[in-house]
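In the working numbering, the protein residues as written are -7 to 964. Idealized CB from N, CA, C, for every residue including glycine. The structure displayed is predicted, hence computed values, not measured ones.
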Amino acid sequence: SDLAAASLPPSAPGEASACRRRKGKMDPNRIIQALKGTIDPKLRIAAENELNQSYKIINFAPSLLQIIVSDQVEFPVRQAAAIYLKNMVTQYWPDREPPPGEAVFPFNIHENDRQQIRDNIVEGIIRSPDLVRAQLTMCLRAIIKHDFPGHWTAVVDKIGYYLQSQNSGSWLGSLLCLYQLVKTYEYKKAEERDPLIAAMQIFLPRIQQQMIQLLPDNSHYSVLLQKQILKIFYALVQYALPLQLVNNQTMTQWMEIFRTIIDRNVPPETLQIDEDDRPELVWWKCKKWALHIVARLFERYGSPGNVTKEYFEFSEFFLKTYAVGIQQVLLRILDQYRQKDYVAPRVLQQTLNYLNQGVIHSVTWKQMKPHIQSITEEVIFSLMCYKDEDEELWQEDPYEYIRMKFDVFEDYASTTTAAQNLLYTAAKKRKEVLPKMMAYCYQILTEPNVDPRKKDGALHVIGSLADILLKKSVFKDQMELMLQNHVFPLFMSNQGYLRARSCWVLHSFSALKFHNELNLRNAVELAKKSLIDDKEMPVKVEAAIALQTLISNQEQAKEYVKPYVRPVMQELLHIVRETESDDLTNVIQKMICEYSQEVATIAIDMTQHLAEIFGKVLQSEEYEEVEDKTVMAMGILHTIDTILTVVEDHKEITQQLESICLQIIGLVLQKHVIEFYEEILSLAYSLTCQMISPQMWQLLGVLYEVFQQDCFEYFADMMPLLHNYVTIDTDTLLSNPKHLEIIYAMCKKVLTGDAGEDAECHAAKLLEVIVLQCKGRGIDQCIPLFVEAVLERLTRGVKTSELRTMCLQVAIAALYYNPDLLLHTLENIRFPHNPEPITTQFINQWMNDTDCFLGLHDRKMCIIGLSILMDLQNRPPAVDAVAAQIVPSILLLFLGLKQVCASRELTEHEDHAKDEKHVAEDNEEIPSDEEEANEVSQAMQENHGGGGGGGGGEQDDEDDDDDDDWDEDALE
-7 SDLAAASLPP SAPGEASACR RRKGKMDPNR IIQALKGTID PKLRIAAENE LNQSYKIINF
53 APSLLQIIVS DQVEFPVRQA AAIYLKNMVT QYWPDREPPP GEAVFPFNIH ENDRQQIRDN
113 IVEGIIRSPD LVRAQLTMCL RAIIKHDFPG HWTAVVDKIG YYLQSQNSGS WLGSLLCLYQ
173 LVKTYEYKKA EERDPLIAAM QIFLPRIQQQ MIQLLPDNSH YSVLLQKQIL KIFYALVQYA
233 LPLQLVNNQT MTQWMEIFRT IIDRNVPPET LQIDEDDRPE LVWWKCKKWA LHIVARLFER
293 YGSPGNVTKE YFEFSEFFLK TYAVGIQQVL LRILDQYRQK DYVAPRVLQQ TLNYLNQGVI
353 HSVTWKQMKP HIQSITEEVI FSLMCYKDED EELWQEDPYE YIRMKFDVFE DYASTTTAAQ
413 NLLYTAAKKR KEVLPKMMAY CYQILTEPNV DPRKKDGALH VIGSLADILL KKSVFKDQME
473 LMLQNHVFPL FMSNQGYLRA RSCWVLHSFS ALKFHNELNL RNAVELAKKS LIDDKEMPVK
533 VEAAIALQTL ISNQEQAKEY VKPYVRPVMQ ELLHIVRETE SDDLTNVIQK MICEYSQEVA
593 TIAIDMTQHL AEIFGKVLQS EEYEEVEDKT VMAMGILHTI DTILTVVEDH KEITQQLESI
653 CLQIIGLVLQ KHVIEFYEEI LSLAYSLTCQ MISPQMWQLL GVLYEVFQQD CFEYFADMMP
713 LLHNYVTIDT DTLLSNPKHL EIIYAMCKKV LTGDAGEDAE CHAAKLLEVI VLQCKGRGID
773 QCIPLFVEAV LERLTRGVKT SELRTMCLQV AIAALYYNPD LLLHTLENIR FPHNPEPITT
833 QFINQWMNDT DCFLGLHDRK MCIIGLSILM DLQNRPPAVD AVAAQIVPSI LLLFLGLKQV
893 CASRELTEHE DHAKDEKHVA EDNEEIPSDE EEANEVSQAM QENHGGGGGG GGGEQDDEDD
953 DDDDDWDEDA LE
């Protein structure tokens, strides 16, 4: 078709376009009409049916790619085609095996079609407009993940060809393709990155040269290309620095590139753009990525004393060669901010992160020290004050304000958090910082008619430094007076943000040793009153957290609140219902643990209330899209579980809670919300620990249906509940054969499927428990089934000794249950590949593995089993053959038991000693001109492997325009 010819860019040399070779197998115009129909609500269902009938036809997927890159097709249709292709590639690209027990292979894209797409997707990305390109890059990532290097080394040549092209229009697309290649390996271990390293031997010098050519050109397109190169470099080095690629010489050239980008001016005309939109401008984004890289390099590889051993040499070189030069540029950025010049928030944040690392090294500290007072008072302090945007959000959407203040992901990208971290490190490590900063804050707090926002900043600073202040004898005795004079009065402020800040300061100083009991009583009363009576929701949330931390840290505070537990808990539930904040579900959980007796009396009301909130969250329309709601709903389930634990000794309360919990369990199962299966199984477990009601026995049948749909994934989570069914109410278990059939069927399915050895261990364990629990209870007919299931599993490959011994243990339990029955069973079991009875194999395997029985119970079972073998009247020949090994094996097992008992006693003794050990005040200041050598963390990291450093740069793409959040590797 003409469409095919028009739609694809010229192929790289030596590649005929596969799309052109296979004309006419699929009519692109028919697909175009169907895609057009998906955009029109009236035609959507018919159009989707048409596509669903066509997608398995050979040449369908390559036809979609032709449509996507054709300028002759309307843009919305191209977009629809791109989304459809992305979904097809992510779902159907790899070859897949049929499910266990089925012969039909699931659909996947035909290899001929895959080859056509491989041949043309890089050109497609180069040619496509941005919105379509984003979908195609996701396709490319999926393809690289499955096919590189095995099926598709040619992708490297493809990208290389277009990167070297004289046509700069192909550079952005080819850089995006290279980025997908690097991103695929970003989270992999260093030893798994060889294919990437081989490719980057070619590409890294090339993109460095390209960067050097581009640097003098500050135009939009040039800076866009520069930004993309920086993102490639960041993804390459984020988790492992490939020293074989980046030697000292090449790193020096790269560091000069980063320094130039950080230091260059952003075009002055960008100041005409609205301030809220400026961070999205490519010039600021380019700076942000350069800073991202230098901060990450310093934190993870360039900080002696904080890196793993393979980076020792590099860290010394980095600190000596680059750290000060880069910091010089960053100090200029802070100076611009101090002089009220615009600096994009993420640029400022990364600058502060870099300086935070610089504080601990003498060479960088020496350079920073003359500026630290102006940095703390004019940069950090201003960032820690309440701002216009805070006020705007508080007034317009207080619930969003709460979410933002408590969101760890917001914290990660926040300039305020970066400022707080730098201040904390400087105050902790460098002795001159804390006294000056405290004097500055006190001056603000005592100044009459001071701007209330500055008061907020001063209290924010003091609260952030609370755990340092409480360890310094010079400050800790002043803190109670500070609360009394400067915090308590602000609870009466007309400004909501100051009342919220006062609560936050109480929370920060909740571990303070109060000398005047009246001050502690005041603190508790003010927090309680704010929680119950304040009209502003952000204040109530801060008050709730303050009250809970005071109760947890101050025994007396717990007594003060005791008479008010009911109104406090009711208010907490009300706030959780309103805000859906997972932080507050944690507060409720902790309060329940603190006031278990009082909670027992209001447990039913509370659980009913929580169940209503859970139902509301689960059935809200936006539930699917909002991750916070999942976290919050999970918090509610944990809270209800905590209530069940608290009231477990109150049978009548537990019985009333059961019906509420069963409604929740039913709702989750009915809506098939699998992310909560673990939690509802935990609830069901808690409801069956004392007794099992008829309703809970009915649940067993429902769970069996769930198991058949999602069998293997949740078997380990079902295990505690199934264990209760067997051990708590054995009479009912045996009164209805259906119960035992269900549990056996689950175990059998796990042992014969591909659940993995962990789940198989659980299944075998459950069979052992049934045999031991039902000794003398007439389950003779079950023993051959159980034994055959586990021994059949042993005839297939077993990787772990745990599964092998667990399977043997079921047969040993059967020997304990009835020796004659087991021996008869063994003589009658035949497996297809071996016509002989299995008795000899079983006995030999057991003898070989006696040293693999570990732990108290397993060793005891093994000893009991061997003792029964010795006591048999009519020993089978297989037992006689190993008779000489039995007593030595038993002695070995007893020796192991002795060691287990001794180590348990030792652990208990050590725990007791730890409890009694007095922890001295830890003063971590380091003299001004010395390094911090963090030997403990260094030793830990040497043992641990991986890079050094903490959580500074783990989430690189959270705010980028052209990055998808589709990243399966991050979860692997």
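Alpha-carbon to alpha-carbon, residue j and residue i
| i | j | result |
| --- | --- | --- |
| Leu692 | Asn79 | 37 Å |
| Arg788 | Asn51 | 41 Å |
| Tyr293 | Ala227 | 15 Å |
| Trp275 | Val215 | 6 Å |
| Cys278 | Phe250 | 10 Å |
| Thr899 | Leu237 | 47 Å |
| Lys420 | Met430 | 13 Å |
| Trp163 | Gln108 | 22 Å |
| Leu475 | Leu498 | 8 Å |
| Gln662 | Glu563 | 31 Å |
| Thr571 | Trp386 | 13 Å |
| Val355 | Asn112 | 52 Å |
Nearest neighbour of residue i, chosen from the options [CA to CA]
| i | options | result |
| --- | --- | --- |
| Ala965 | Glu828, Glu794, Asn826 and Gly857 | Residue coverage of the chain in this structure runs from -7 to 964, which leaves residue 965 outside it and unanswerable. |
| Tyr736 | Glu302, Phe97, Glu650 and Cys774 | Cys774 |
| Gln801 | Cys854, Phe250 and Lys28 | Cys854 |
| Phe845 | Asn826, Pro811, Leu815 and Ser793 | Ser793 |
| Leu518 | Pro20, Gln540 and Glu819 | Gln540 |
| Ala336 | Pro296, Pro481, Phe506 and Ala405 | Ala405 |
| Pro259 | Asp209, Ile221 and Asn240 | Asp209 |
| Ile632 | Asp526, Leu610, Gln600 and Asn100 | Gln600 |
Own chain, CB closer than 6 Å to residue i, minus 5 neighbours either side, in chain order
| i | result |
| --- | --- |
| Asp469 | none |
| Leu173 | Ile136 |
| Pro98 | Arg88 |
Backbone secondary structure at residue i - three-state DSSP
| i | result |
| --- | --- |
| Phe140 | coil |
| Phe99 | coil |
| Phe707 | helix |
| Asn826 | strand |
| Arg788 | coil |
| Glu178 | coil |
| Ile253 | helix |
| Trp85 | coil |
| Glu402 | helix |
| Tyr293 | coil |
| Asp597 | helix |
| Gly847 | coil |
| Glu748 | The question names Glu, but residue 748 is Gly in the sequence shown. In this structure, Gly748 counts as coil in the three-state DSSP scheme. |
| His642 | coil |
| Phe195 | helix |
| Arg133 | helix |
Cβ neighbours of residue i in the same chain (closer than 7 Å, five flanking residues each side left out)
| i | result |
| --- | --- |
| Val124 | Ile60, Arg70, Gln71 and Ala74 |
| Ala969 | For the chain, the structure presents residues -7 to 964; residue 969 sits outside this window and is missing. |
| Ile372 | Ala411, Leu414 and Leu415 |
| Lys446 | Cys377 and Ile436 |
For residue i, the first and last residue of its enclosing alpha helix (DSSP H)
| i | result |
| --- | --- |
| Glu794 | Ser793 to Tyr809 |
| Leu864 | Run containing Leu864: none; DSSP gives neither H nor E here. |
| Glu185 | The amino acid occupying residue 185 in the given sequence is Arg; Glu does not appear at that position. That residue, Arg185, is in no alpha helix (DSSP H); it is neither H nor E in DSSP. |
| Cys433 | Val425 to Thr438 |
| Pro965 | What is shown of the chain runs -7 to 964, which leaves residue 965 out entirely. |
| Cys739 | Pro729 to Thr744 |
| Met360 | Ser354 to Met360 |
| Phe483 | Segment: none, Phe483 is in no alpha helix (DSSP H) and carries neither H nor E. |
| Met683 | That residue, Met683, is in no alpha helix (DSSP H); it is neither H nor E in DSSP. |
| Asn210 | Unbroken run through Asn210: none, as it is neither H nor E. |
| Met529 | Met529 to Asn545 |
Spatial neighbours of residue i in its chain, beta-carbon cut-off 8 Å, leaving aside the 5 residues before and after
| i | result |
| --- | --- |
| Asn716 | Tyr677, Thr680, Cys681 and Ile684 |
| Gly847 | Val892 |
| Tyr808 | Val763, Leu764, Lys767, Met853, Ile856, Gly857 and Ile860 |
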